[in-house]
Amino acid sequence: MLQYTTIQGLREAMRSARKAGKSLGLVPTMGYLHAGHIAICETARRECDLVVVSIFVNPLQFAPSEDLESYPRDLDRDLGILSQTGVDAVFTPSVEEMYPETMETWVSVPSLSQTLEGKSRPTHFQGVATVVLKLFSIVQPDIAYFGQKDGQQVAVVRRMVRDLQLPLEVHVVPTVRETDGLAMSSRNVYLDPPARASALALSRALFAGRALLEAGERRGAAVQQAMEAVLTGDSAVRMDYAAVVQADSLVPQDRVQGRTMLAVAAYVGRARLLDNLMLDVGPSGVRDLLTPS
Ligand code: AMP
Numbered sequence: 007m008l009q010y011t012t013i014q015g016l017r018e019a020m021r022s023a024r025k026a027g028k029s030l031g032l033v034p035t036m037g038y039l040h041a042g043h044i045a046i047c048e049t050a051r052r053e054c055d056l057v058v059v060s061i062f063v064n065p066l067q068f069a070p071s072e073d074l075e076s077y078p079r080d081l082d083r084d085l086g087i088l089s090q091t092g093v094d095a096v097f098t099p100s101v102e103e104m105y106p107e108t109m110e111t112w113v114s115v116p117s118l119s120q121t122l123e124g125k126s127r128p129t130h131f132q133g134v135a136t137v138v139l140k141l142f143s144i145v146q147p148d149i150a151y152f153g154q155k156d157g158q159q160v161a162v163v164r165r166m167v168r169d170l171q172l173p174l175e176v177h178v179v180p181t182v183r184e185t186d187g188l189a190m191s192s193r194n195v196y197l198d199p200p201a202r203a204s205a206l207a208l209s210r211a212l213f214a215g216r217a218l219l220e221a222g223e224r225r226g227a228a229v230q231q232a233m234e235a236v237l238t239g240d241s242a243v244r245m246d247y248a249a250v251v252q253a254d255s256l257v258p259q260d261r262v263q264g265r266t267m268l269a270v271a272a273y274v275g276r277a278r279l280l281d282n283l284m285l286d287v288g289p290s291g292v293r294d295l296l297t298p299s
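In terms of this note's numbering, the sequence shown is residues 7 to 299.
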């Protein structure tokens with residue numbers, strides 16, 4: 007596995023790979039890798055000739071009050087995991103390499119960025135969209151890989167790719183969970199044992215919402231209330247939101263129908279956690295839209 011720290015070095019390597027006819031897959035990450043990241047890399051490995059993983063804790067997507075400084079990092083461990091996973095190249099730029107000057111140019115997708123996460127993190131998705139476009143321009147991948155775990159991020163990136171007609175496909179990998187349901191996240195490291203137990207409220211809320219839909223409920227407000235009841239039922243969980251939205255537009259659904267995302271966010275201990283389920287809700291049934299391959 008080759009490691010690149012400069013944009014120029016990675017660009018040149020990608021240019022030769024493309025010339026040699028190789029298909030390129032890009033997996034953007036912020037490192038501190040877990041089984042969710044590995045599942046994405048394995049998918050990319052199956053689908054592309056050359057897989058590049060970027061590890062970059064992107065300051066543009068953190069507000070000043072957020073956990074940029076304390077975000078978990080362990081590059082040596084990450085490099086070990088990636089070489090075991092059969093990744094070809096890893097891109098680990100410094101902040102100065104990615105942002106040599108104050109940024110004046112931003113990508114924003116306002117309608118999808120102001121809702122859900124955007125209410126607590128109003129500048130988050132313009133930071134995400136900007137760094138993702140920058141990575142796309144450096145690597146020029148055929149396929150870029152994202153996890154469903156960050157469902158709103160998927161909606162924002164897909165919309166950016168569509169609006170800018172970027173010549174690549176976005177592939178989405180299902181959320182990897184611990185056996186008890188907790189979605190894997192680098193931020194789970196912030197959870198002490200009691201907080202780790204309380205964090206299960208997020209997945210339990212989603213499963214309660216799905217169960218209600220499976221039982222035939224189609225009122226969005228009723229499903230939302232069922233999820234809220236689970237989140238507020240544990241005093242160690244501070245709910246941010248529970249929502250029932252159309253999966254692509256993120257518009258709240260009064261009547262639940264078609265491609266639907268159930269989404270929750272909550273503070274548990276010092277972690278802010280997210281989770282979601284992507285469902286296809288039909289007249290007679292409910293189907294998970296993404297299932298592990
Ligand atoms: P991060 O390092 O947290 O920025 O995540 C990098 C990529 O991994 C993003 O596309 C995330 O959505 C994805 N990801 C994070 N956690 C999971 C998970 N539990 N299952 C699947 N993908 C994930």
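Note that CB positions come from ideal geometry on N, CA and C, so glycine has one too.
The structure presented is a predicted model; accordingly, all values stated were derived computationally and were not measured.
DSSP-derived helix/strand/coil call for residue i
i    : result
R293 : strand
R261 : strand
N282 : strand
G37  : coil
Q252 : strand
E53  : helix
D73  : coil
D148 : coil
R168 : helix
L3   : Here the chain comprises residues numbered 7 to 299, so residue 3 is not present and cannot be evaluated.
R210 : helix
T238 : helix
A217 : helix
G275 : coil
V163 : helix
V59  : strand
G187 : coil
G288 : coil
A205 : coil
Contacting residues, own chain, Cβ-Cβ under 7 Å from residue i (five flanking each side not counted)
i    : result
S119 : F131, Q132 and V162
Y196 : G275, R276 and A277
V236 : A207, R210, A211 and A214
Residue nearest to residue i in terms of C-alpha spacing, selected from the options
i    : options                   : result
D254 : D198, L139 and R165       : R165
A95  : A227, S71, L66 and L56    : L56
M308 : P180, G275 and A242       : The structure shown does not extend to residue 308, since the chain is modelled only from 7 through 299, so no value can be given for it.
L295 : V274, F142, G157 and T111 : G157
H43  : T129, A217, D84 and T98   : D84
G92  : P199, V58, V138 and A207  : V58
V137 : L285, G222, S22 and P99   : P99
L174 : E184, R193 and Q146       : Q146
Q154 : S126, I61 and R183        : R183
F142 : P289, M7 and R17          : R17
I61  : D73, A69, V101 and P289   : V101
Cβ-Cβ separation, residue j to residue i (assumed contact under 8 Å), whole Å
i    : j    : result
S117 : A135 : S117 to A135, Cβ: 13 Å. No contact.
K140 : M190 : Incorrect: roughly 26 Å between the Cβ atoms, too far for contact.
A19  : E123 : Their Cβ separation, rounded to whole angstroms, is 34 Å, which puts A19 and E123 out of contact at 8 Å.
P258 : G226 : 6 Å
T121 : L256 : 5 Å
G31  : D169 : Wrong, their Cβ atoms sit about 22 Å apart, outside the cutoff.
G27  : R79  : Rounded, the Cβ-Cβ distance is 36 Å, inconsistent with contact.
Same chain, Cβ closer than 6 Å to residue i, five either side skipped, listed in chain order
i    : result
I87  : L39
Y77  : V63
S29  : C54, D55 and D148
A201 : V274 and G275
V243 : S204, A207, L237, A272 and V274
Beta carbon proximity, residue i to chain D, threshold 7 Å
i    : result
I144 : Included in the structure is just one protein chain, with no chain D present.
Cut-off 8 Å between Cβ atoms - residues of its own chain near residue i, not counting five sequence neighbours on either side
i    : result
F152 : P34, I46, Q159, V160, V163, V176, H177, V178 and V179
V229 : G215, L218, L219, E223, V250, V262 and L268
G187 : L206, S209, R210 and F213
R24  : L30 and Q146
>> List, from N- to C-terminal side, the beta strand (DSSP E) runs of 3 residues or more that fit wholly inside the region 66 to 144.
In response: 95 to 97
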